[in-house]
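Written below as structure tokens is the structure these notes are about.
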Amino acid sequence: MSKRIMEAFQNRAVDEEIVESRLTLFESAVDIASHLSKVSESPRSFPHSPLSTSPNSFISLSIARFNSPTRCREMWEMNVRLLSFCIFNLLDLLKMMAMEVTQILLNAQAVDGALRKQAEENLKQFQEQNLPSFLFSLAGELANDDKPAESRKLAGLILKNALDAKEQHRKIEFVQRWLALDPTLKAQIKAFLLRTLSSPSLDARSTASQVIAKVAGIELPHKQWPELIGSLLSNVHQLPAPTRQATLETLGYICEEVSPDVVDQEHVNKILTAVVQGMNSTEENNDVRLAAIKALYNALGFAQANFSNDMERDYIMRIVCEATQSPELKIRRAAFECLVAISSTYYEKLAHYIQDIFNITAKAVKEDEEPVALQAIEFWSSICDEEIDILEEYGGDFSGDSDVPCFYFIKQALSFLVPMLLETLLKQEEDQDQDEGAWNIAMAGGTCLGLVARTVGDDIVALVMPFIEENITKQDWRQREAATYAFGSILEGPSPDKLVPLVNMALNFMLSALMKDPNNHVKDTTAWTLGRMFEFLHGSALDTPIITPANCQQIITVLVQSMKDVPNVAEKACGALYFLAQGYEDAGSSSSPLTPFFQEIVQALLNVTHREDAGESRLRTAAYEALNEVVRCSNDETAPMVVQLVPVIMLELHQTLENQVSSDERQNELQGLLCGCLQVIIQKLGSSEPTKYHFMQYADQIMGLFLRVFASRSATAHEEAMLAIGALAYATGADFAKYMTEFYKYLEMGLQNFEDYQVCAITVGVVGDVCRALEEKILPYCDGIMTQLLKDLSSNQLHRSVKPPIFSCFGDIALAIGENFEKYLIYAMPMLQSAAELSAHTAGADDDMTEYTNSLRNGILEAYSGIFQGFKGSPKTQLLLPYAPHVLQFLDSLYMEKDMDDVVTKTAIGVLGDLADTLGNSAGHLIQQSVSSKDFLKECLSSDDHLIKESAEWAKLAISRAISF
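Using the numbering used here, the letters of the sequence shown correspond one by one to residues 247 to 1211.
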């Protein structure tokens, strides 16, 4: 029956054709009557039948005409002839209902807030109460060329959002929901979508393209809709240009949506053939050509086999390079975007084309419009990224075991590339320093120059210094700023031996320019460059310091004075001070050159936070970041002044809480900054007994303030307050127990906060901090904590990144409560075993998945380590023996997989030692039977990483007591 009604709706509402005959309607009437007779004897059941849904459903809306409370029973008793008469008019009603759906969609975009809210609520109810009709109605709206453009576009957008979500748990839910729909319904929705690709409306075509890709992203991995690619490819050759454009756009979106292994190579070849033909200069329609280029951009991940074939690769590269010369700006920009993507995806295939690409990009940078020039520069930035990664990973040794050799493209092009980039630095915009999101040719060129410096090191200095010397004193501010920017850009990469003499010569000049240059652009860049000097060429590791007792006071005076300048300059001055302080973090208790100026610096930074314009250019945030670093890197001599800072920051936080306005984002941000500042102060003062003693007088008040912060609705403030409480727990130790009664509810709330999952993750970390502080005193709260942690692990709603630290938290709890962890073993160990089995193998995983898997492995191993250590020396250690074989099997699988990172390797060998140390002789024969324990230990003992080697030596000692190798 539902099929007939949908066909009727399709024919009438979309094609405006008369249905075949009244007989079909009568059959539908009989179907409905038959259905109603089976639902219930009572007419009150009628509204709960599958046909009686949201008031916005076209079916329920038609029935609602007859379903008033007074006539409900009368209608129920109508015979089939009366019902068939009603359905005889169903098409007219359906048309009316389609119009009502249209109106609801239009109302959902109305200026009138009440009208808009009501429409949104109607759509929500429709979706919740009858999803099939809801999706069908939306698809029909999108496909109907007689409908308003606004309702069609919104229908498509809602349809797309009903198929996909950012949150992984909702995405899974939507996929399962779609797969469970009736195949006939899905076929009709997909038919609507495909026919919309031929619509005269560009918006409708584009929206349909996106929805088709979302459906394909669900169905193709499940071996459904196998005819899709063929259907789309049949559109590309003969149909009108708008349909070809929409089809190519759809193919691109599909390639973006699904993984390459979902589409067979035959179809990939056909897709690429169609796309490259659409890119060809012989294609007369620019929209088609642009869509083809964008499709290629998305399809590059599918083209591994094609890029491995010299002839096919040559053809693709020729077509892309030709497109960079198109008269149409959008086509040129898209073509360069393709080249950028190719540079990162197929770096190892570029050697044959690099000279031509340099010529193309150089011409674009010098002559083309900014959107194109930016992409041309981005190509070389991308090449730098690739070569930096290769050189860092392989250290320049490409004798045979490197999968991706370094071709040193940047080094080869250096003498041509650097002059081109230096010229871009002179193309500044007047207001670029006022716009935080500004991005122009000068900024792109400077960024690329910095990447080139990191790629080639010392070789860049001689090519850049003449430009700096020529322009640094020129009358034109653009030349002075460009010279300063060039100098700042090359301070990371070349060796200190090469740079320190230059910095020593330039330092006084830079300080003078920051104070005296009449142009704010120049001062902004000068302060940034000073920050780069202090970041990369200042610190205890350098043999020749650039900051000495002779120039320290001048530097601080200039920076403090510059904090009073316009916001963008003051923000950079705060950044410079941040790195200046950071350079002394390893000074320990010895005297720091900053010590005599500590109070002056702190006061200057506090003054910045109170400026009326501190909200501009991140100024307030930069000031607090600098203050935190000054405190963190201070020494014992300044400890009394740090103690004096505590009530100052407490008062600031108290005032924000007294003047709390829940919707004031600036106030919430300030609370977060103040909590972060207190966290650093607590960590600093809590790190030694003398300073901790003086700090403890404020502990109760500080904890009270943090608890009040939780009453606000700001996730950022919650994060910072929770982190600060973790620091307070560490500082106060067992005394923290007095806060637990009141704090526990917020701890539990944090663990339940799936929506702001960063808060949840931080709360998990704080549980660990509290466990270390309280040890067995945490026991009264463990039932609640463990229950919530187990719920978190079982939930699909919680972001996956939170799950590794939850496993680690099991270890923290076990360490704290020892053998009392016994009652949680039957819950925690199976969860750990299941996660271990899932994480043991990563074959075919991408880099992100491999990184996550290693994080998960480390969390599991830290849990095992904490549990073994927690039970050590207890009469209950034998409770762990049944789990030992699985732990050893997990370690074997990790070793055999050969894809552990160093952190996992260190933790894994430590777990082997923990197992032997806790179980002793009981574990001896298990370790002996282990497939790889001996080889794993031997490999770790010879590791170049001293932390791995240290753990392995301890593990060897523990194992030797259990068994002799």
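Cβ coordinates follow ideal geometry from the N, Cα and C atoms, glycine included.
- Judged by their CB atoms, Leu672 and Gln621 are not nearer to each other than the 9 Å cut-off.
- Burial of Ser452 is indicated by the presence of at least 16 other C-beta atoms within 10 angstroms of its C-beta.
- In this structure, DSSP gives Lys469 a state outside helix and strand, which the three-state scheme calls coil.
- Sequence-distant partners of Ile802 (beyond 5 residues in either direction) whose C-beta falls short of 6 Å from its own C-beta, in its chain, are Phe843.
- Each residue's CA atom was taken as its position, placing Glu574 and Glu781 some 44 Å apart.
- Counted as a single uninterrupted DSSP element, the alpha helix (DSSP H) harbouring Glu419 occupies residues 414 to 425.
- The region 1042 to 1055 and the region 404 to 415 touch, with no fewer than 3 CB-CB distances between them shorter than 8 Å.
- Taking the C-beta atoms as reference points, Arg535 is found nearer than 9 Å to Asn526.
- Bounds of any alpha helix (DSSP H) do not take in Leu1127, whose DSSP letter is neither H nor E.
- Residues of the same chain with a CB within less than 7 Å of the CB of Leu757, apart from the 5 flanking positions on each side, are Gln800, Ile801, Val804 in chain order.
- The C-alpha of Val892 is placed about 13 Å away from the C-alpha of Thr884.
- By the C-beta density criterion, Pro1121 is exposed, having fewer than 16 other C-beta atoms within 10 angstroms.
- Leaving aside the five residues that flank Leu351 on each side, the residues in its chain whose CB is nearer than 7 Å to its CB run, in chain order, Glu387, Ser397, Leu400, Ala401.
- The C-alpha of Lys406 lies about 15 Å from the C-alpha of Glu502.
- In the structure shown, Arg1207 adopts helical secondary structure according to DSSP, grouped into three states.
- Distance between Asp1148 and Leu1107, taken at the CA atoms: about 13 Å.
- Segment contact: the region 918 to 925 against the region 959 to 967, three or more CB-CB distances shorter than 8 Å; contact assigned.
- Non-local C-beta neighbours of Arg726 in its own chain, meaning closer than 8 Å and more than five positions away in sequence, comprise Asn717, Ile718, Thr719, Lys720, Ala759, Asp763, Asn765, Val768, ordered along the chain.
- Ala492 is a Cβ neighbour of Ala537, given a cutoff of 9 Å.
- Contact between Ser589 and Phe625 holds: CB atoms are separated by about 6 Å, below the 8 Å threshold.
- Excluding residues up to 5 positions away in sequence, Gly547, Phe548 lie with their Cβ nearer than 6 Å to the Cβ of Pro506 in the same chain.
- Residue ranges of uninterrupted alpha helix (DSSP H) with 4 or more members, entirely inside the region 848 to 884 and ordered along the chain, are 865 to 878.
- A distance below 9 Å separates the beta carbons of Leu478 and Leu497.
- The continuous stretches of alpha helix (DSSP H) do not include Lys984, and DSSP gives it neither H nor E.
- In the structure shown, the three-state DSSP call for Met1146 is coil.
- As the crow flies, the alpha-carbon of Leu1020 is around 7 Å from that of Ala983.
- Spanning the alpha carbons of Ala433 and Leu440 requires a straight line of approximately 10 Å.
- Nearest in C-alpha terms to Thr730, of all of Arg857, Leu695, Ser741, Asp743, is Leu695.
- Assignment of Thr591 by DSSP, reduced to helix, strand and coil, places it in the helix class.
- Taking C-alpha positions only, Leu474 is separated from Ile1155 by approximately 50 Å.
- Within 10 angstroms of the beta-carbon of Thr794 lie fewer than 16 other beta-carbons, which makes it exposed.
- With a cutoff of 9 Å on beta-carbon distance, Gly950 and Glu994 are scored as not near each other.
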